[in-house]
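Numbering (my numbering), first residue to last: 3 to 332.
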Amino acid sequence: MDAVILVGGFGTRLRPLTLSVPKPLLPVGNVPTVVRILAGLERAGVTRAVLALGFKPEPFLAAFPDGRCGGVELVYAVEPEPLDTAGAVAFAARHAGIASTFVVANGDILTGLDISRVIDFHRASGAEGTLHLVPVDDPSQFGVVETDATGRVLRFVEKPAPGQAAAGNVNAGTYVLETSVIDRVPVGGKLSIERTVFPEMVVSSSLFALATHDAWVDTGQPETFLAANMSAVDAVGSSVIDPSASIGAGAVIERSVVGARATIGAGARVVGSVIFPSGIVGDGAVVESGLVMGRIGAGAVARGVVVGEDGVIDAGATISGAKIPAPEGS
Ligand code: GTP
Numbered sequence: 003m004d005a006v007i008l009v010g011g012f013g014t015r016l017r018p019l020t021l022s023v024p025k026p027l028l029p030v031g032n033v034p035t036v037v038r039i040l041a042g043l044e045r046a047g048v049t050r051a052v053l054a055l056g057f058k059p060e061p062f063l064a065a066f067p068d069g070r071c072g073g074v075e076l077v078y079a080v081e082p083e084p085l086d087t088a089g090a091v092a093f094a095a096r097h098a099g100i101a102s103t104f105v106v107a108n109g110d111i112l113t114g115l116d117i118s119r120v121i122d123f124h125r126a127s128g129a130e131g132t133l134h135l136v137p138v139d140d141p142s143q144f145g146v147v148e149t150d151a152t153g154r155v156l157r158f159v160e161k162p163a164p165g166q167a168a169a170g171n172v173n174a175g176t177y178v179l180e181t182s183v184i185d186r187v188p189v190g191g192k193l194s195i196e197r198t199v200f201p202e203m204v205v206s207s208s209l210f211a212l213a214t215h216d217a218w219v220d221t222g223q224p225e226t227f228l229a230a231n232m233s234a235v236d237a238v239g240s241s242v243i244d245p246s247a248s249i250g251a252g253a254v255i256e257r258s259v260v261g262a263r264a265t266i267g268a269g270a271r272v273v274g275s276v277i278f279p280s281g282i283v284g285d286g287a288v289v290e291s292g293l294v295m296g297r298i299g300a301g302a303v304a305r306g307v308v309v310g311e312d313g314v315i316d317a318g319a320t321i322s323g324a325k326i327p328a329p330e331g332s
């Protein structure tokens, strides 16, 4: 079976990290998010995945030099301009000549879902498209999806005001689609799958959804990206430290991820944080709940910071909750 993975967005909410690394290539527990997604697709029988690329395609080609990830063959579809989610799916599917039922995955969603459950449900209902849903307690940041008892989608309720909607099922970012969905998108058209194509399919009663209680996280914001890494750490029961990282004498690393070639200085303290590949924490520095690609100077104390590849916190500084360098417009 074929899949399309949406990996061409700008990842603005994760800037400055995404200024150098596209969101789907950011590592969770030292494994790039898209590699985790590809493993889940492979388990469900996907043998070929089309990466729907736009913003920064080169790092993806470099990450998979032999055009494969595990047992999955990769095809690269690079949009001439951002086509939004439906435009990107249609562009990628046409580029790769997808000719039968296929899976679509958002490149920033991690879930314990067994995707074959959605495929089986899709086939049994005869749907044109099937969404995976997960329940959330406060759906105010999401669109709620209402179905009938058979799973047929009745309507989408866009981002209800906080406290205005009870717990509900939300779109969890994995879809199974028939090729007729591609035909709903004009060639080269810029269109949202969530806001335009799916509501059209509701009108034709051809959209179904399957809700499950699997673990699920949208890694698209600093807090959720950090939480996804903490889940990866908790899953193995200890910090995840790449063997090529350099750890100074007396350094303490608690519930954290330390990437390849990162440096943790002598006597430094890293707690609940992600130090990315080649990130640097100076001697005696303290990092708590941080996402660090750049450099934390010796003796600095940094809490809740997001430090991009070019970011530096000066030696001895005390900083909380900052993005460094600050993204434009913030
Ligand atoms: P923000 O800028 O922070 O909103 O992130 P995003 O636009 O990168 O991601 P969003 O959550 O809005 O989109 C969901 C998925 O679709 C992500 O995996 C994006 O990479 C991808 N995506 C969004 N827009 C496009 C697009 O125009 N083309 C392609 N190929 N992918 C897209």
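All C-beta atoms in this analysis are idealised placements derived from N, C-alpha and C, irrespective of residue type, glycine included.
Note that the structure is a prediction, hence the values are computed from the model and not measured.
Inset, instruction - Could you check the C-alpha separation between G292 and T265 for me, to the nearest Å? - result: Rounded to the nearest whole angstrom, the CA to CA distance from G292 to T265 is 15 Å.
Inset, instruction - Could you tell me whether any non-hydrogen atom of the ligand COA is closer than 7 Å to the CB of P29? - result: With respect to small molecules bound, the structure shown includes the ligand GTP and not the ligand COA.
Legend entry - Among A163, G128 and Q143, nearest to G222 - alpha-carbon criterion: Q143
Legend entry - Environment of T320 [buried if 16+ CB atoms lie within 10 Å]: exposed
Legend entry - Exposure label - P26; buried when at least 16 CB within 10 Å: buried
Inset, instruction - Let me know if A51 comes out buried or exposed under the rule of 16 or more other beta-carbons within 10 Å of its beta-carbon. - result: buried
Legend entry - Residue from A129, E148, A126 and G128 whose Cα sits closest to the Cα of L135: E148
Inset, instruction - Using only alpha-carbon positions, find the residue among A270, G31 and S207 that is nearest to T334. - result: With the chain covering only 3 through 332, there is no way to say anything about residue 334.
Legend entry - Residue from E75, A163 and F104 whose Cα sits closest to the Cα of P141: A163
Legend entry - Cα-Cα separation, A328 to D316: 15 Å
Inset, instruction - Ignoring anything shorter than 3 residues or poking outside the region 85 to 153, list the beta strand (DSSP E) runs there in chain order. - result: The qualifying runs are 104 to 108, 111 to 113, 131 to 138 and 146 to 149.
Legend entry - Meets three-Cβ-pair contact criterion under 8 Å: the region 225 to 238 and the region 27 to 43: yes
Inset, instruction - With DSSP collapsed to three states, give me the class of A319. - result: coil
Inset, instruction - Run the CB neighbour count on P82, radius 10 Å, all protein chains shown included, and call it buried at 16 or more, exposed below. - result: exposed
Inset, instruction - Can you tell me which of the three DSSP states S233 falls into? - result: helix
Legend entry - Cβ contact check for the region 38 to 45 and the region 250 to 263: 3 or more pairs under 8 Å: Not touching, per the Cβ criterion.
Legend entry - DSSP-derived helix/strand/coil call for L16: In the structure shown, L16 sits in a helix (DSSP, three-state: H, G or I).
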